[in-house]
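Asker: Numbered per mature numbering (1 follows the signal peptide of the UniProt record, and there is no 0), the sequence shown spans residues -24 to -1, 1 to 751.
Here a beta-carbon is modelled for each residue, glycine too, at the ideal position from N, C-alpha and C.
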Amino acid sequence: MTRLAWLPALVLALPLLTAPPAAAVAEFDVRDYGATGNGSTNDDDAIDRAIDAASAAPGGVVVFPSGNYRARTIHLKSNVTIRLDAGSTVRAAASGMDAPENNPYDAYQDFGHSHFDNSLFVGRGVSNVHFAGTGSIDGDGNLSTSNSPPGGAGNKAIALTDCADVSIKDITIRRGGHFMALLNGCHDVLIDNLKTVYARDNVRDGINLINSWNVVLQNSRIEASDDAIGLKSDYALGRTHTSQNIRVRNTVVYSHENNALQFGSETCGNFRDIRFDDITVLGGGKAGIGMVSMDGAIIEDVHYRNISLTKTTTPIFMKIGERRRCPGSPPAGRIRNISVTNVTGVNLTAPEPSGTTGGSELTSTVTGTPSVDIGPGITFDNVRLTVPGGHPASDANRVPGEFLTSYPPRDYGTRPAFGVWARHVRGLSIGNGSAFRLDANDNRPAFIVDDGSDLRLDVTAQRGSGSAYDVGVSGVSGYTVAGANTSGGALRVRATNSTPVPGTPVTRYAEAESGTVTAPMQTLQDPAASGGSYVAVAPGSNSQASAPATGHATVSFDVPDPGAFTVWGRVIAPTDSDDSFWVRADGGAWTNWNNIPLGASWHWAQFPVTYDLAAGTHTLTFAYREDGALLDRIAVSSDPAFTPSDGPPPTLLEAENAVIGQGVIESNHAGFTGTGFVNYDNLVGSYVEFTVTAAQAGTATLTFRYANGTAVGRPMDITVNGTLAAGGLAFDPTGAWPTWTTRTVTVPLAAGANTVRATATTANGGPNLDRLSVG
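(1) Between the C-alpha atoms of residue 817 and residue 414, what's the straight-line distance to the nearest angstrom?
(2) What number of angstroms, rounded off, separates the C-alpha of residue 111 from the C-alpha of residue 62?
(3) What span of residues does the alpha helix (DSSP H) with residue 399 cover, start to end?
(4) Please identify the residue among 236, 245, 46 whose C-alpha is closest to the C-alpha of residue 264.
(5) Using a threshold of 7 Å, state whether the C-beta atoms of residue 119 and residue 104 are closer than that.
(6) Where does the unbroken alpha helix (DSSP H) through residue 545 begin, and where does it stop?
(7) Between which two residues does the alpha helix (DSSP H) containing residue 32 stretch?
(8) Please classify residue 89: does DSSP put it in a helix, a strand, or coil?
(9) Opposite residue 467 in the DSSP bridges: which residues?
(10) Does the segment 662 to 680 come close enough to the segment 722 to 735 that 3 or more CB-CB pairs lie under 8 Å?
(11) Given a cut-off of 7 Å, decide if residue 74 and residue 46 are closer than it, judged by their beta-carbon atoms.
(12) Using the C-alpha atoms, what's the distance from residue 403 back to residue 178?
(13) With distance defined between alpha-carbon atoms, name the residue in 424, 48, 599, 193 nearest to residue 561.
(14) DSSP has residue 791 in a bridge; who is on the other side?
(15) Going by beta-carbon coordinates alone, are residue 101 and residue 154 separated by less than 7 Å?
(16) Can you grab the Cα-Cα spacing for the pair residue 347 / residue 400, in whole Å?
(17) Residue 355 and residue 429: beta carbons closer than 7 Å?
(18) Where do the ends of the beta strand (DSSP E) carrying residue 668 lie?
(19) Which residue comes first and which comes last in the beta strand (DSSP E) that contains residue 189?
(20) Taking Cβ positions, are residue 447 and residue 410 nearer each other than 7 Å?
(21) Taking 6 Å as the limit between beta carbons, can you name the residues of its chain near residue 180, skipping five residues before and five after?
(22) Can you name, in chain order, every residue of its own chain whose Cβ lies under 6 Å from the Cβ of residue -23, other than the five neighbours on each side?
(23) On the premise that residue 547 lies in contact with residue 607, defined as a C-beta separation below 8 Å, what is that separation, rounded to the nearest angstrom?
(24) Looking at the secondary structure, which residues open and close the beta strand (DSSP E) in which residue 673 lies?
(25) Residue range of the beta strand (DSSP E) that residue 183 falls in?
(26) Taking the beta strand (DSSP E) that residue 487 falls in, what are its first and last residues?
(27) In chain order, which beta strand (DSSP E) runs of at least 3 residues are fully inside the segment 122 to 164?
(28) Taking all protein chains shown into account, decide if residue 700 is buried (16 or more other Cβ within 10 angstroms of its Cβ) or exposed.
(29) Measuring CA to CA, which of 162, 64, 741 is closest to residue 148?
(30) Determine the direct distance from the alpha carbon of residue 698 to that of residue 676, and round the result to whole angstroms.
(31) For residue 292, which of 246, 452, 653, 395 has the nearest alpha-carbon?
(32) Is it a yes or a no for the segment 384 to 395 touching the segment 643 to 651, going by three-plus beta-carbon pairs under 8 Å?
(33) Which partner residues of residue 501 appear in the DSSP bridge assignment?
(34) Can you name, in chain order, every residue of its own chain whose Cβ lies under 6 Å from the Cβ of residue 718, other than the five neighbours on each side?
(35) Can you say whether residue 756 is buried or exposed, counting buried as having 16 or more other CB atoms within 10 angstroms of its CB?
(36) What is the DSSP secondary structure of residue 754, reduced to helix, strand or coil?
Printed below as a string of structure tokens:
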């Protein structure tokens, strides 16, 4: 025998040396039990027989080959998998569904929540039940969305109560009636790659998880008319369970008329340890992120992370109410320890068809009751919302009602702030990169908080052109406000019957030209200056080298808390290091600020002076010593670590580096920036085209620096990406070619690279164009 002659014998013996293969799962084809799949014959009796056989196996698979299976109520049992193969659809019959069972607890929730038997698929007290395959369940327009469905009609696609070890994977549910799937009192549930399909008038809620725990919903698309994903706790089973350890992730959600991600309104039992991660919300006619405790529930330890919101009437809505629709008429519950992190929102107007419950836009809202504050631990971190805007300053005076027994966001109407309106709140923090911007000018403040404590804001907020202040606090004990408006200035606070956190650093900015300016001081223009202007000594004049007698600029600011304040100035010292200011506070002694650091562009420098200031309004007065420097704005701060910042500087694009159509680069007139300017050819259609890169889509302010030494205007068309943004924009005479000024226009920009072209519209051509500033 050769050395390998034994090998065939070993191979033949291998099956005897290894474990036997697992037994194949038994399959039960519904056609073998009498189902036709012809779309007209009621196949539910045959399907029930197949389910009985699979459950007795146990753990059998009920197979639906390609076809349309018309069915009345199908009765699920434990240890069964419902496999809907490709091309298979179970369609609800128009009549003959099981009648809704009697429920002694009807009074505590709506009809649809109280009854389960009248469903297409129903399982009560079942376990080890699974839906699989790529087929679908279709209410076919026969499942009612009414709280009073007609006799013989069903109102749910899937209803499961007191269930365990359940999965719904890969299938599609269409036209599910009142609920696509309702699970009450269930645990150890997996919903994966589920698709629910919106059909107006044939579906209300998407997925309702009621009194359930140990649930994962992932990789799905849930679309509905009413609440898309609803976490609730009613009393339909005669008891409640704490809803906990629930994870919703990597899912697309769309509610056309109500709430995308919603807690309540049924809230008899408590909620804790719940996470929403990596969710795309495509619409919410009421709220994108909604949370109400109406019936005494404690909702806590809930966290939202990486959420994208679009077309949501109210981006974020949190409310405690006192409806008390549970046994014992419980008092108001609690909402606390809720974090909202990395949330973005754009295109937040949610237009819906006439007659629906949706609305156009409502402000994010956090509110408790007069007796119970919402919080503590309500945190918004890196929440960046661009809201529609468009409201007058008078709307800031609105005082919404309490609405303790109802829960829709629309009850409160237009809020007095555009970013966040909060009331009866404790421990609200908005910061860590949070920013609130506008699609259209809005003259309400960004934030208003009424009746609260421990408020912390550190945000960026856009400012309306007619807004009187950025943050309003009323009846708030212990608040801090930091951050800036989108131009870099400090947020303006209007405080009424409120106190800051003791010892909290306070920073205030003020424009040099905002107060009184007396000769020989004067206000001059510069697009690089904050607000486009600054204060300087008149050309040819010097203030006295000793304590100044004339030529002052006085600015005012308020501080909420006494303390020691340092002073900073945004300056240019163009001549030499002896350029300096005199400065005094509240009419006190003058202090000489010598040796301003040299620099040909705007920069911040700290005054060698500290003032002890009481709470209230104060004035700083500046005068020039010797040749004088230029003063743009000032900052005063009680924070010893404070370093002033104006936010990102504007983008400066020199005309000589742009694309030039019929024009030449010249440098024969003084006062230009860069290496020269563009002299347009004298003809219609001559142009200069810039490439402007925007980090995100939105509006931008374009400031053209130009000179026009003629006696007539030289208008130009401003186009963005080939679309006219401003027709015949005036570029009026400046008196001389070395005299430069600016012309500003607001235009829309797309994310990424944009072409901005300034084209002459008359035979005189355009002005001499120095540069474009984008801010």
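Answerer: So, from the listed chains and residues:
(1) Given a span of -24 to 751 for the chain in the structure shown, any question on residue 817 remains unanswerable.
(2) 5 Å
(3) Run containing residue 399: none in the alpha helix (DSSP H); it sits in the beta strand (DSSP E), 396 to 407.
(4) 236
(5) no
(6) Segment 539 to 549 is the beta strand (DSSP E) holding residue 545; no alpha helix (DSSP H) there.
(7) 20 to 32
(8) helix
(9) Note: residue 467 sits in no beta bridge, so no partner.
(10) yes
(11) no
(12) 42 Å
(13) 599
(14) Residue 791 is absent from the model: the chain starts at -24 and stops at 751.
(15) It is not a contact, given that the beta carbons lie outside the stated cut-off.
(16) 8 Å
(17) no
(18) 663 to 670
(19) 189 to 194
(20) no
(21) Here the set comprises 121, 154, 201, 202.
(22) Confidence at residue -23 is low in this model, with a pLDDT of 35, below 50, so its placement is unreliable and no value can be given for it.
(23) 6 Å
(24) Careful: residue 673 lies outside any beta strand (DSSP E) and carries neither H nor E.
(25) Under the DSSP assignment, residue 183 falls in the beta strand (DSSP E) whose first and last residues are 179 to 186.
(26) 483 to 487
(27) 132 to 137, 140 to 145, 148 to 150, 153 to 160
(28) Classification for residue 700: exposed.
(29) 64
(30) 16 Å
(31) 395
(32) no
(33) 509
(34) 503, 679, 681
(35) The first residue shown for the chain is -24 and the last is 751, placing residue 756 beyond what the model contains.
(36) Residue 754 lies beyond the stretch modelled for the chain, which goes from -24 to 751, so this question has no answer here.
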